[in-house]
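The structure appears below as structure tokens.
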Amino acid sequence: MSEIYQQILNNIAGSKKMFAVLLDPDKCQGDLLIKVLSQFEKATPDFIFIGGSSMNCDCDTLLHDLKQFSVPKILFPGDASQFSPDADALLFLSLISGRNSDYLIDQHVKSAVEIKKSKVEVIPTGYILIDGGNHSSVKKLSKTEPIGANDIKKAVSTAIAGELLGMKMIYLEAGSGAKNPVSKEIIFNVKSSIDIPLIVGGGIRKLNQLEKAYVAGADLVVVGNIFESEAEKMEEFIRVVKDF
Ligand code: 1GP
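Counting in our numbering, the sequence shown runs from 12 upward without gaps.
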């Protein structure tokens, strides 16, 4: 079964840009959860990504809270413990910009049997951390160095390596709350070099940054941080994508 991946491919074939809201289960509780749910009543993104950076992040409860919405819920896990059989799909992320075996293959080995037994759609994704101008939690937790913000050559060859290894998508990540989102030059050059879908996220908090990422070649943009303080902005972000 690869329904969600097929949906992504179909959207790209139809020149439809996609938008995902990232929810961190550690934060999306209480008042914030109420605000998010009321936003989803007004407008829904193409996908809801769920994942966080803490070890005890409870994805199951948040998936349960979001059950009423038919939007596909995709796990974007910080580690193996964040797998939930209740999700629609899982980004099986390998941090190919880093050289820490834990995030290249070890977390995958830990969760493989449980994932295989479940009905969750698995989308192998090459995860590439690009310097976002501050210390991201991905950098801290993975203990890896990001690719330089202007190092187009390395970003491109890393993305191509991921594609050649059989990964089905590439995710260019500046880190949640990044000072600088991934540059349009990196997005454009990576997109031009691969034949698989391109996801971009990290530090996008304004509509013009969202538009820039799409114009440069992002197929799917992920935004999380800004909605934690300004959940009401979600509707206008979703409108931009629909009008794009
Ligand atoms: C982080 O790419 C996502 O993993 C989203 O980043 O939280 O900065 O929007 P923000």
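Each residue gets a CB set at the ideal place from its N, CA and C atoms; glycine is no exception.
Is GLN220 close to the ligand COA? I mean its beta-carbon at under 6 Å from any heavy atom of the ligand. As presented, the structure is devoid of the ligand COA, carrying the ligand 1GP as its sole ligands.
Residue from ILE85, PHE30, ARG250, GLY89 whose Cα sits closest to the Cα of ALA100: Considering only alpha carbons, the answer is ILE85.
Could you pull out every residue in the same chain whose Cβ sits closer than 7 Å to the Cβ of ILE139, ignoring the five residues on either side in sequence? When the five nearest sequence neighbours on each side are left out, the beta carbons in the same chain lying within less than 7 Å of the beta carbon of ILE139 are those of ILE107, SER108, ILE158, ALA166, THR169, ALA170, ILE181, TYR182, LEU183, GLU184, in order along the chain.
By alpha-carbon positions, which one of VAL82, LEU115, LEU176 ends up nearest to ALA91? The shortest C-alpha separation from ALA91 is found at LEU115.
CA nearest to the CA of SER65, picked from PRO36, LYS78, GLU14: Among PRO36, LYS78, GLU14, the Cα nearest to that of SER65 is on PRO36.
So, is GLN79 buried or exposed, given that buried needs 16 or more other C-beta atoms within 10 angstroms? That one is exposed.
Do LYS53 and GLU246 have their C-beta atoms within less than 7 Å of each other? Cβ distance < 7 Å, so LYS53 and GLU246 count as in contact.
Based on DSSP bridge pairs, tell me the residues matched to ALA100. In the DSSP output, where bridge partners are listed per residue, ALA100 has ILE85, GLU132.
Segment limits, alpha helix (DSSP H) that includes TYR182: That residue, TYR182, is in no alpha helix (DSSP H); its beta strand (DSSP E) goes 180 to 184.
What is the rounded straight-line gap between the Cα of LEU176 and the Cα of HIS119? Going by the C-alpha atoms only, they are around 15 Å apart.
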